[in-house]
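Asker: Quick one: the structure is below, and I'll ask about it shortly.
Chains as they are written, first to last, in our numbering: chain A, 494 to 961; chain B, 494 to 961.
This is the structure:
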């Protein structure tokens with residue numbers, strides 16, 4: 494280990510130890526407090542990286558089990574979660590895109606059409622996500638099965654590789670797809686799995702009905718502003734070294750000619766691609782969840798030998814994400830189970846009572862946003878906090894529609910705050926184009942930007958719409 | 494795919510389809526019948542290998558979920574099971590044995606002492622297992638953490654590698670440790686995790702008390718016969734090409750001299766080895782389960798850089814076993830949950846009523862033994878069938894102690910029947926020294942041998958002891 498790694502290890506262990514040893518505040522169970530302390534230390538370890546993050550997670554859950562904070566079986570629950578296996582399947586899918594050349598072909602087609610600059614490429618990827626999102630409620634399926642393989646292929650075609658030339662185009666492109674993903678989730682009630690739950694909770698807690706159309710109308714102005722600004726803003730914040738690419742269109746056309754007609758494997762992959770797209774968009778009728786569709790895609794690729802089994806087993810990146818994200822999913826789920834989350838919501842609620850409603854609402858929105866540093870899933874966060882926060886704001890006197898919508902969109906735009914904040918994160922971050930510290934910095938900048946656009950501009954827009 | 498692979502794929506799919514389509518017998522729920530049919534097809538796929546077994550398992554659970562036989566989340570439950578993560582941890586441990594040279598050193602020490610022939614090596618490994626077993630109730634921990642790394646190192650030292658020279662010594666040695674493992678489990682009440690459950694079930698169902706001493710005394714004669722014969726019998730059935738190795742003792746001594754003193758990494762590994770041995774044997778007091786101890790070992794190796802994280806991720810064999818064994822563990826657990834197992838036990842019970850007790854008991858023992866083809870865990874099998882079978886035999890008039898003991902030992906010796914029949918199997922089979930068909934053949938031969946020894950000779954021995 495280097496000196497810095499040892500220093501970071503000491504800091505991580507030290508913070509964990511201190512949090513573990515100080516007594517649980519208020520009436521919180523010691524078990525819940527210990528779990529919180531160890532989870533904070535693990536997340537700190539993700540940032541400081543005294544070991545690779547997969548190893549940090551593995552050591553972390555071992556300590557959680559060794560100290561008896563959780564049973565061994567409980568720290569492993571994340572490895573059976575459907576979203577983890579969708580990630581594994583998506584990795585296989587992306588591997589096939591790379592191996593067959595199909596990803597390169599799609600990238601060339603896009604670049605031939607709009608390859609004039611890195612900026613236009615960024616916009617076109619964001620728009621592609623938007624177009625399929627109303628009918629594909631799994632953001633992970635969109636990211637892992639569709640956008641990530643294409644974005645990754647475009648980076649390679651533009652000559653940007655994670656080890657040698659990350660800033661040429663890759664860092665920019667990965668951030669564009671990631672930051673716009675949260676916006677796209679917020680745009681439609683059917684663009685993210687947890688949104689229908691928000692609608693239900695809003696109805697139960699605040700007694701208001703949000704239709705598909707109202708959700709979309711309310712999101713239209715802030716969504717349009719955010720979508721229009723994000724690729725441009727990123728262009729300033731993490732500028733790609735490759736800017737104008739006038740020769741790329743001609744090059745792409747030439748390369749496509751060189752590639753010739755599609756190979757057998759490419760045609761199979763294209764068929765599978767269309768199939769999963771159809772199955773993902775028709776999921777609400779066929780009742781096939783996104784994970785089983787992703788696994789089916791991997792099965793077809795295996796049976797047709799487009800992919801070998803040994804290629805699946807050596808897909809190092811998939812297993813790395815599997816371990817660290819799976820660990821975090823388990824810890825986040827258990828934090829809820831042992832009562833930490835409800836205790837936290839209560840503390841926020843009681844400390845806010847007495848404030849004027851506007852300040853109470855602003856504070857609640859901000860707390861909701863940044864408490865997402867402790868979550869690995871939008872849906873888990875919603876089920877833990879949405880209803881409680883809506884109830885507190887309304888009891889402080891905030892208008893119901895304003896409250897429900899502000900918290901609903903906040904529950905989506907917090908997607909891009911860290912690399913583990915939702916299932917698409919590990920994919921884009923895992924591509925390796927950007928160090929963790931930069932990833933978090935950009936995530937924080939856009940959390941502020943999105944709060945201003947969605948809650949600031951949004952609340953004015955909803956006033957004009959007559960919603961409050 | 495080769496022609497044979499395509500033929501085997503058609504057979505596997507065909508059997509699955511036929512079983513799926515014929516109506517469920519009797520009052521069995523269609524879901525339970527479908528799950529049984531698909532599980533049979535998956536196990537058939539393991540034998541015929543139209544694809545590598547990991548891929549068969551992956552495709553299999555995808556089909557189980559696609560057909561709606563189980564929910565997607567249910568087919569994934571095996572991946573969070575503690576025994577799967579003990580296997581992953583054990584693989585890392587074995588990797589460290591290989592990498593540091595510590596495994597080679599231990600192997601040389603053993604060979605210097607008793608390396609006169611492959612047969613003596615076989616016996617000494619079997620005895621090592623026996624010595625630590627009374628205090629190490631996790632057969633997986635013994636196999637994965639202790640015996641497997643040493644056995645694997647001895648094979649390499651004897652010049653037997655899975656790809657090129659499997660029959661030189663490796664196939665023989667792996668089978669010796671595997672086949673004697675089941676015998677060792679049966680010897681002591683504390684040598685296998687499910688045995689205390691047997692004692693409890695025997696007390697509840699038949700009203701008899703089996704003490705630690707009685708268990709051992711009843712096992713003493715059949716156990717001694719089985720332990721004495723197994724390495725010799727295997728020597729005939731799968732003879733190692735390397736037999737007498739007179740030069741090996743001298744060679745080992747010379748190699749040990751060449752290796753010099755232990756390196757830093759070896760010393761750390763030796764320390765970890767002693768630590769886990771202590772923690773595994775004191776588990777009943779410290780309440781640390783075998784999995785968390787295994788994970789702790791992997792953590793120490795990671796933190797001290799004896800192993801790199803990337804080495805853990807590229808441990809292909811671990812992920813392969815993880816997927817196929819994890820799939821099977823989930824399916825076996827769900828077969829119980831949907832009521833197939835209890836239905837099966839009922840069918841056996843009712844078809845046996847009316848038989849003389851001796852024939853009823855023999856039939857029950859044989860059915861118990863071979864129904865283990867459908868199980869991935871001794872403990873799961875015990876919890877599913879032990880009590881029911883004891884009850885049926887006793888109601889047919891069989892003496893309680895004879896019944897309880899015969900089924901108790903059968904519940905242990907069925908360990909080595911397939912490569913997935915318990916958690917040590919995937920390790921030894923996964924080393925790759927023997928093709929699947931040969932593995933199953935040897936497993937079947939020893940199932941017959943063990944039945945004769947344990948139930949045949951055993952019942953006479955228990956008569957002499959005055960137990961019935």
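Ideal Cβ positions, reconstructed from N, Cα and C, are used throughout, including at glycine.
With distance defined between alpha-carbon atoms, name the residue in 846/A, 811/A and 830/A nearest to residue 924/A.
Answerer: Minimum Cα distance to residue 924/A is reached at 811/A.
Asker: Report the option in 743/A, 907/A and 841/A whose CA atom is closest to the CA atom of residue 606/A.
Answerer: Of 743/A, 907/A and 841/A, the residue nearest in Cα terms is 743/A.
Asker: Go ahead and label residue 813/B buried or exposed: buried means 16 or more other beta carbons lie within 10 angstroms of its beta carbon, across all protein chains shown.
Answerer: Residue 813/B should be labelled buried.
Asker: Residue range of the alpha helix (DSSP H) that residue 697/A falls in?
Answerer: Segment 688 to 699, the alpha helix (DSSP H) holding residue 697/A.
Asker: Under a CB-based cut-off of 9 Å, is residue 830/B close to chain A?
Answerer: By this cut-off, residue 830/B is not an interface position.
Asker: Taking residue 530/B as the reference, which of 906/B, 613/B and 560/B has the closest Cα?
Answerer: The shortest C-alpha separation from residue 530/B is found at 560/B.
Asker: Are the stretch 869 to 887 of chain B and the stretch 921 to 941 of chain B in contact at 8 Å, needing three or more beta carbon pairs?
Answerer: Touching, no.
Asker: Does the stretch 896 to 904 of chain B come close enough to the stretch 696 to 713 of chain B that 3 or more CB-CB pairs lie under 8 Å?
Answerer: Output reads yes: the stretch 896 to 904 of chain B touches the stretch 696 to 713 of chain B.
Asker: Taking only beta carbons into account, state which residues of the stretch 767 to 792 of chain B come closer than 8 Å to chain A, listed in chain order.
Answerer: The stretch 767 to 792 of chain B vs chain A, Cβ under 8 Å: 780, 781, 782, 784, 785, 788, 789, 791 and 792.
Asker: Does the beta carbon of residue 758/B come closer than 9 Å to any beta carbon on chain A?
Answerer: Cβ-Cβ to chain A under 9 Å: no for residue 758/B.
Asker: Along chain B, which residues have their Cβ under 7 Å away from the Cβ of residue 813/A?
Answerer: Neighbours of residue 813/A on chain B, chain order: 806.
Asker: Kindly list, in the order they appear in chain A, the residues whose Cβ is closer than 8 Å to that of residue 765/B.
Answerer: In chain order: nothing, as chain A lies at least about 13 Å away.
Asker: Does the pairing of the stretch 556 to 575 of chain A with the stretch 844 to 859 of chain A give three or more beta-carbon distances under 8 Å?
Answerer: The stretch 556 to 575 of chain A vs the stretch 844 to 859 of chain A: no contact.
Asker: What's the call for residue 582/B, buried or exposed, on a 16-neighbour Cβ count within 10 Å?
Answerer: Classification for residue 582/B: buried.
Asker: Check distances from the C-beta atoms of the stretch 521 to 549 of chain A to those of chain B and list, in chain order, the residues that come in under 7 Å.
Answerer: Listed by position, the residues of the stretch 521 to 549 of chain A near chain B (Cβ gap below 7 Å) are 544, 545, 547 and 548.
Asker: Between residue 614/B and residue 640/B, how many whole angstroms is the CB-CB distance? I'm expecting something under 8 Å.
Answerer: Contact flag wrong, Cβ pair sits at about 12 Å.
Asker: Secondary structure at residue 653/A, three-state DSSP: helix, strand or coil?
Answerer: In this structure, residue 653/A counts as coil in the three-state DSSP scheme.
Asker: By a C-beta neighbour count over all protein chains shown, 10 Å radius and 16 as the cutoff for buried, is residue 778/B buried or exposed?
Answerer: Looking at its Cβ environment, which holds fewer than 16 other Cβ atoms inside 10 Å, residue 778/B is exposed.
Asker: Can you find a CB in chain B that lies within less than 9 Å of the CB of residue 552/A?
Answerer: Yes, residue 552/A counts as interfacial toward chain B.
Asker: With distances taken Cα to Cα, identify the nearest neighbour of residue 587/A among 603/A, 646/A and 715/A.
Answerer: If we check each option's Cα against that of residue 587/A, 646/A comes out closest.
Asker: Note down, in chain order, all residues in the stretch 569 to 586 of chain A with a beta-carbon under 7 Å from any beta-carbon belonging to chain B.
Answerer: For the stretch 569 to 586 of chain A, which is checked against every Cβ of chain B, the residues closer than 7 Å are 569, 570, 572, 573, 575 and 578.
Asker: With a 10 Å radius around its C-beta and 16 neighbouring C-beta atoms as the bar for buried, classify residue 631/B as buried or exposed.
Answerer: By the 10 Å Cβ count, residue 631/B comes out buried.
Asker: Along the chain, where does the alpha helix (DSSP H) containing residue 731/B start, and where does it finish?
Answerer: That residue, residue 731/B, is in no alpha helix (DSSP H); it is neither H nor E in DSSP.
Asker: Among the candidates 903/B, 870/B, 541/B and 893/B, whose CA atom is the shortest distance from the CA of residue 860/B?
Answerer: Answer by Cα proximity: 903/B.
Asker: On the DSSP bridge assignment, give the partners of residue 737/B in chain order.
Answerer: Per DSSP, 610/B.
Asker: DSSP three-state label for residue 577/B, please.
Answerer: Three-state DSSP puts residue 577/B in a helix.
Asker: Check whether the stretch 755 to 775 of chain B and the stretch 589 to 597 of chain B touch, using three or more Cβ-Cβ pairs below 8 Å as the test.
Answerer: Taking 8 Å as the limit for Cβ pairs, the verdict is that the stretch 589 to 597 of chain B does touch the stretch 755 to 775 of chain B.
Asker: From the beta carbon of residue 559/A, is the nearest beta carbon of chain B less than 9 Å away?
Answerer: Chain B contact via Cβ: present.
Asker: Below 7 Å on C-beta distance, what does residue 802/A contact in chain B?
Answerer: Within 7 Å Cβ-Cβ: 544, 545, 547 and 548.
Asker: In three-state DSSP terms, what is residue 961/A?
Answerer: In the structure shown, residue 961/A sits in coil (DSSP, three-state: anything other than H, G, I, E or B).
Asker: Measure from the alpha carbon of residue 480/B to the alpha carbon of each residue in 883/B, 598/B and 563/B, then state which is nearest.
Answerer: This structure leaves residue 480/B out entirely; chain B is present only between 494 and 961.
Asker: Using CA coordinates, which residue listed in 521/A, 553/A and 653/A is at the minimum distance from residue 793/B?
Answerer: Ranking the options by Cα distance to residue 793/B, first place goes to 553/A.
Asker: So, do the stretch 680 to 700 of chain B and the stretch 950 to 960 of chain B have three or more beta carbon pairs nearer to each other than 8 Å?
Answerer: Contact fails: fewer than three Cβ-Cβ distances are below 8 Å.
Asker: Using a Cβ-Cβ cutoff of less than 6 Å, which residues in the same chain neighbour residue 485/B once the five nearest sequence positions on both sides are dropped?
Answerer: Outside the modelled stretch of chain B, which goes from 494 to 961, sits residue 485/B, for which no answer is possible.
Asker: Buried or exposed: which applies to residue 790/B, given that a residue is buried once 16 or more other Cβ atoms fall within 10 Å of its Cβ?
Answerer: Per the 10 Å Cβ criterion, buried.
Asker: Rounded to a whole number of angstroms, what is the C-alpha to C-alpha distance between residue 939/B and residue 513/B?
Answerer: So the two alpha carbons sit approximately 32 Å from each other.
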